[in-house]
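Structure first, then comments.
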Amino acid sequence: MTDDPADELRTARLAELGLLAASLAHEVRQPLFAIKSLTQLADAQLARGGDAAHARSLLRSLLEQVDLLERVVDGVRLYSRAPGEGLSPVDCAACIEEVVALMRHRALARRVTLRVELGDGLSAGLADPTALTQILANLTQNALDASPPDSIVILRAFRFEEGLAVEVHDQGCGVPETLSERIFDPFFTTKAPEEGTGLGLALSRRLASAWEGRLDLVPSEIGACLRVTLPALGNVQRRRA
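Here the working numbering is used: the first residue of the sequence shown is 12, the next is one more, and so on.
Here's what the structure looks like:
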């Protein structure tokens with residue numbers, strides 16, 4: 012045991028990475044098995060002069076599994092990034108506008124309306140702007156996936172005493188209380204494997220913590236509401252003075 016906070020942090024970090032590595036090995040095994048099986052099937056199909064269209068279908072499925080592996084690796088790379096990189100003053104309203112532009116076509120395809128509600132003083136937060144945009148895009152994509160047709164997803168930003176907050180609120184079936192914390196575990200997902208890696212919320216929570224922020228599921232009468240917070244720039248400057 013040690014009383015050195017730096018040593019304790021390193022020990023906790025190593026334990027976290029060990030758990031992540033074990034989860035990654037489990038997560039990667041399935042697409043690797045699928046890639047091997049699909050490659051063998053396509054090879055056998057072509058060797059016996061079989062249906063070329065069927066072989067192409069197998070190859071497309073193979074590429075989908077490769078894409079899945081790529082998303083897993085990208086997620087782990089971001090999850091393992093050193094905390095605190097790239098922090099700067101950020102304009103929450105600008106990040107939200109970028110996310111809405113990115114998600115507009117997805118929302119139209121699902122017949123879901125994106126509504127933005129902005130408070131005042133949203134340009135005085137401290138975060139990694141790229142990471143904040145990624146978090147909000149992930150939350151918005153999840154909200155759209157959970158939303159029934161002709162419903163609304165609300166992106167709401169406001170100031171509070173300690174800093175700024177952005178909420179993404181859908182009108183889907185919500186999150187059962189028994190899963191309220193598990194949804195933030197690496198590789199936990201209720202989606203089909205081809206629809207998600209289960210790293211999105213875990214990565215988003217880790218990125219938020221890098222700027223002394225949080226990502227939480229907050230109570231909601233209808234659907235699910237996730238809130239990401241970031242400190243006000245002035246508060247951070249005063250603490251560091």
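Here a beta-carbon is modelled for each residue, glycine too, at the ideal position from N, C-alpha and C. Here the structure is a predicted model, which is why all the values come from computation and not from measurement.
Sub-8 Å separation of residue i and residue j beta-carbons
i, j, result
"residue 197", "residue 213", "yes"
"residue 148", "residue 125", "no"
"residue 237", "residue 179", "yes"
"residue 46", "residue 84", "no"
"residue 215", "residue 119", "no"
"residue 74", "residue 53", "no"
"residue 170", "residue 139", "no"
"residue 218", "residue 157", "no"
"residue 103", "residue 80", "no"
"residue 183", "residue 235", "yes"
"residue 111", "residue 101", "no"
"residue 62", "residue 122", "no"
"residue 72", "residue 49", "yes"
"residue 117", "residue 152", "yes"
Delimiting residues of the beta strand (DSSP E) encompassing residue i
i, result
"residue 225", "225-229"
"residue 174", "174-180"
"residue 241", "236-242"
"residue 100", "99-101"
Assigned secondary structure, residue i (DSSP; H/G/I helix, E/B strand, else coil)
i, result
"residue 252", "The predicted position of residue 252 is uncertain, since its pLDDT is 48 and thus under 50; no value can be drawn from it."
"residue 191", "coil"
"residue 186", "coil"
"residue 44", "helix"
Endpoints, alpha helix (DSSP H) assigned at residue i
i, result
"residue 60", "Note, residue 60: premise wrong, no alpha helix (DSSP H); not H, not E."
"residue 218", "211-220"
Nearest-angstrom Cβ-Cβ length linking residue i and residue j, presumed shorter than 8 Å
i, j, result
"residue 168", "residue 107", "6 Å"
"residue 241", "residue 175", "5 Å"
"residue 57", "residue 66", "5 Å"
"residue 186", "residue 239", "No, residue 186 and residue 239 are not in contact; Cβ-Cβ is about 16 Å, not under 8 Å."
"residue 137", "residue 222", "6 Å"
Contact with chain B by residue i, beta-carbon distance below 8 Å
i, result
"residue 60", "Given the protein chain composition of this structure (a single chain), no chain B is represented."
Complete runs of the alpha helix (DSSP H) confined to the stretch 113-167 [at least 4 residues]
Runs of the alpha helix (DSSP H) inside the stretch 113-167: 140-157.
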